[in-house]
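Visitor:
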Amino acid sequence: MDSPAAPPVPRPSSPVRTDLPITTTAPVKRQRRWSVAALCIVLAVVAGLGAAAAVTSAGDRVKVLAIARDVPAGQAITDADLIVAEVSADAALTPMPAADRTVVVGKRPAVDLRKGGLLTASQLGVGSGLGDNQQQVGVQVKPGQAPAGTLAPGDKVLAVTTPGQSDQAGSKSEAPPQTISATVVSVSRPDASGTVVVNLAVSPSDGPLLASRASTGHIALVRQPRSN
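Each residue of the sequence shown is one higher than the one before, starting from 19 at the first, in the numbering used here.
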């Protein structure tokens, strides 16, 4: 006799699969990584170019002459007045090369040279009429005896003899003032009272006469028109 059939065993149902949402997070992250990497490469290239430019610029430096201490206009330049400086080669700058040091020594500048400045050929007064072939006389000028702050090397002036205390300036027979033509070589800085010393170049025949008049302090300077 056949045994009864076993009841069918229910088949376990598979778990319900949940749908995952579609996202673009991963591609965005990859894109950002590539952007950062590209930026780093660009910065590295720029830094390399900058370093190369700095090395090239440093290699283009030249040695030139600079002023070691103040030198007034008309005073001969000494070796101690000069130092050697290194500057970048620039077409806009025209300083004297350091190799010309021996040539510069002994020359007279046409303008005041200030400590720390670069020396240029235009500052040297060779043949500029500053009295290289004339006699020079120092005249002490007090405030009111010369135009204030307007005298410069190369100016043509008249050294006028002023009346002394014993002279009768108000007399009816007042004589015309005595004058000597001169050229300004240099002007010192004013002292505490405002007095300056003006070095004047005059002809050899007028040098002793101007020195004699200047010793009395009765000299005033009149600047001639610069257009002449």
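Each residue gets a CB set at the ideal place from its N, CA and C atoms; glycine is no exception.
Measure the beta-carbon distance from Gly-235 to Pro-171 and round it to whole angstroms, keeping in mind my assumption that it falls under 8 Å.
Guide: Wrong, their Cβ atoms sit about 23 Å apart, outside the cutoff.
Visitor: Of the residues Ala-116, Pro-161, Thr-112, which one's Cα is nearest the Cα of Ala-210?
Guide: Comparing Cα positions, the closest option is Pro-161.
Visitor: Using C-beta distances below 8 Å, list every residue in its chain close to Val-122, excluding the 5 sequence neighbours before and after it, in chain order.
Guide: Around Val-122: Leu-83, Ile-95, Leu-100, Met-114, Leu-137, Leu-142.
Visitor: For the ligand SAM, I want to know if Asp-78 counts as a neighbour, meaning its beta carbon is within less than 6 Å of at least one of the ligand's heavy atoms.
Guide: Among the components modelled here there is no ligand, and therefore nothing to report on the ligand SAM.
Visitor: In this structure, what does DSSP give as the bridge partners for Thr-179?
Guide: DSSP lists Ile-237 as partners of Thr-179.
Visitor: Going by C-alpha distance, which of Pro-165, Val-203, Val-240 is nearest Pro-195?
Guide: With distances taken between Cα atoms, Pro-195 lies closest to Val-240.
Visitor: Whose CA, out of Ile-237, Ala-62, Ala-103, Asp-97, lies closest to the CA of Leu-176?
Guide: Comparing Cα positions, the closest option is Ile-237.
Visitor: Does DSSP classify Ala-229 as helix, strand or coil?
Guide: In the structure shown, Ala-229 sits in a helix (DSSP, three-state: H, G or I).
Visitor: Compute the Euclidean distance between the alpha carbons of Val-63 and Leu-169, then round it to the nearest angstrom.
Guide: So the alpha carbons of these two residues sit roughly 58 Å apart.
Visitor: Name the one or two DSSP bridge partners that Ile-95 has.
Guide: Answer is none; Ile-95 lacks a bridge partner.
Visitor: For Val-102, which residues from the same chain have a beta carbon less than 6 Å from its beta carbon, with the 5 sequence-adjacent residues on both sides left out?
Guide: Answer for Val-102: Lys-81, Ala-116, listed in chain order.
Visitor: How many Å lie between Ala-164 and Ser-140 at the Cα?
Guide: Going from the Cα of Ala-164 to the Cα of Ser-140 covers about 28 Å.
Visitor: By a C-beta neighbour count over all protein chains shown, 10 Å radius and 16 as the cutoff for buried, is Ser-230 buried or exposed?
Guide: Classification of Ser-230: exposed, given that the 10 Å Cβ count is below 16.
Visitor: Just checking my contact of Val-205 with Val-214 at CB under 8 Å: how many whole Å lie between their CB atoms?
Guide: 6 Å between Cβ atoms; contact.
Visitor: Please classify Val-64: does DSSP put it in a helix, a strand, or coil?
Guide: Looking at Val-64 - three-state DSSP - the assignment turns out to be helix.
Visitor: Can you look up Ala-55 in the DSSP assignment and give me helix, strand or coil?
Guide: If DSSP states are grouped into helix, strand and coil, Ala-55 belongs with the helices.
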